[in-house]
Amino acid sequence: MKFQIFCLVLLCLIGCETKDSIHSLSSSSVVDRDKLVDQFLIIHDFNSGEEFDTQKLKEIQNDSNRQDYKKVLDDFFTQHLQKEMESFQTINKSEHERHILVITKDRWLYRVSLKQWPDNNNIWTVDMYGGLLQSQ
Numbered sequence: 057m058k059f060q061i062f063c064l065v066l067l068c069l070i071g072c073e074t075k076d077s078i079h080s081l082s083s084s085s086v087v088d089r090d091k092l093v094d095q096f097l098i099i100h101d102f103n104s105g106e107e108f109d110t111q112k113l114k115e116i117q118n119d120s121n122r123q124d125y126k127k128v129l130d131d132f133f134t135q136h137l138q139k140e141m142e143s144f145q146t147i148n149k150s151e152h153e154r155h156i157l158v159i160t161k162d163r164w165l166y167r168v169s170l171k172q173w174p175d176n177n178n179i180w181t182v183d184m185y186g187g188l189l190q191s192q
């Protein structure tokens, strides 16, 4: 009987979390992705991305890096914006478009629209982008 009581007390102690440890978990290490999406949706001021005429599209259509939207996205951020991506997530996609939420290491949140060109070997280009400093 004493062993059963000991086990019951031990299980209660193991399963208990202090209020402070629960609060610190929610405030410091948990990422509120809903808040990120809300911030993504309020971005309405866009810059033009890559602007290519028909001739330039034909020139780059055989670039294998252009057929992978992830590589296009990374190249755009490192070369054009000179920023390093921390994470990204597709928020919406259709047959030839992707709308992506990007977080950079300097805490900027970007809304990026990518366009796929089926007549040019299905390459991807950055159509437009907008960003804001991520709120706390």
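So in this note's numbering, the last spot in the sequence shown is 192, and the numbers never skip.
Think of the CB as a built atom: it goes at the ideal place given N, C-alpha and C, for glycine as much as any other residue.
As the structure is a computational prediction, the values presented were derived from the model and not from experiment.
Can you tell me whether Gln135 is buried or exposed? The criterion is at least 16 other CB atoms within 10 Å of its CB, across all chains shown. Residue numbering aside, residue 135 sits at position 79 when the sequence shown is read from its first letter. Counting the other CB atoms within 10 Å of its CB gives Gln135 a total below 16, which places it among the exposed residues.
For Val184, I'd like the list of residues in its chain whose CB is within less than 7 Å of its CB, leaving aside the five on either flank, ordered along the chain. Within the sequence shown, numbered from 1, the residue matching residue 184 stands at position 128. In the sequence on display, residue 184 carries Met and not Val. Excluding positions up to five away in sequence, the list reads Phe102, Asn103, Ser104, Gly105 and Ser169.
Which first and last residues belong to the beta strand (DSSP E) in which Glu153 is found? Residue 153 sits at position 97 when you count from the first residue of the sequence shown. Glu153 to Thr160 is the extent of the beta strand (DSSP E) around Glu153.
Would you tell me roughly how many angstroms separate the C-alpha atoms of Arg122 and Val86, rounded to the nearest one? Numbered from its first residue, the sequence shown carries residue 122 at position 66. Numbered from its first residue, the sequence shown carries residue 86 at position 30. Rounded to whole angstroms, Arg122 to Val86 spans 34 Å at the Cα level.
Mind checking who Gln145 pairs with in its DSSP beta bridge? Taking the sequence shown and counting its residues from 1, one reaches residue 145 at position 89. For Gln145, which the question treats as bridged, DSSP gives the partners Leu157.
Grab the span of the alpha helix (DSSP H) containing Arg167 for me, first residue to last. Counted from its first residue, the sequence shown places residue 167 at position 111. Counted as a single uninterrupted DSSP element, the stretch harbouring Arg167 is not any alpha helix (DSSP H) but the beta strand (DSSP E) occupying residues Trp164 to Trp173.
Alpha carbon of Leu137 to alpha carbon of Leu188, nearest angstrom: Translated into the one-based positions of the sequence shown, residue 137 becomes position 81. Translated into the one-based positions of the sequence shown, residue 188 becomes position 132. One C-alpha to the other measures close to 13 Å.
Buried/exposed call for Thr74, threshold 16 Cβ in 10 Å: The count along the sequence shown starts at 1 and reaches residue 74 at position 18. Since pLDDT at Thr74 reaches only 49, below the 50 mark, its modelled position is unreliable, and the value read off the structure follows with that caveat. Its Cβ having fewer than 16 others within 10 Å, Thr74 is exposed.
I need the straight-line Cα distance from Asp175 to His155, nearest angstrom please. Counting from 1 along the sequence shown, the entry for residue 175 is found at position 119. Counting from 1 along the sequence shown, the entry for residue 155 is found at position 99. Their backbone Cα atoms lie some 20 Å apart in a straight line.
Check Gly186 in the structure and name its three-state DSSP category. Position 130 of the sequence shown holds residue 186. Three-state DSSP puts Gly186 in a strand.
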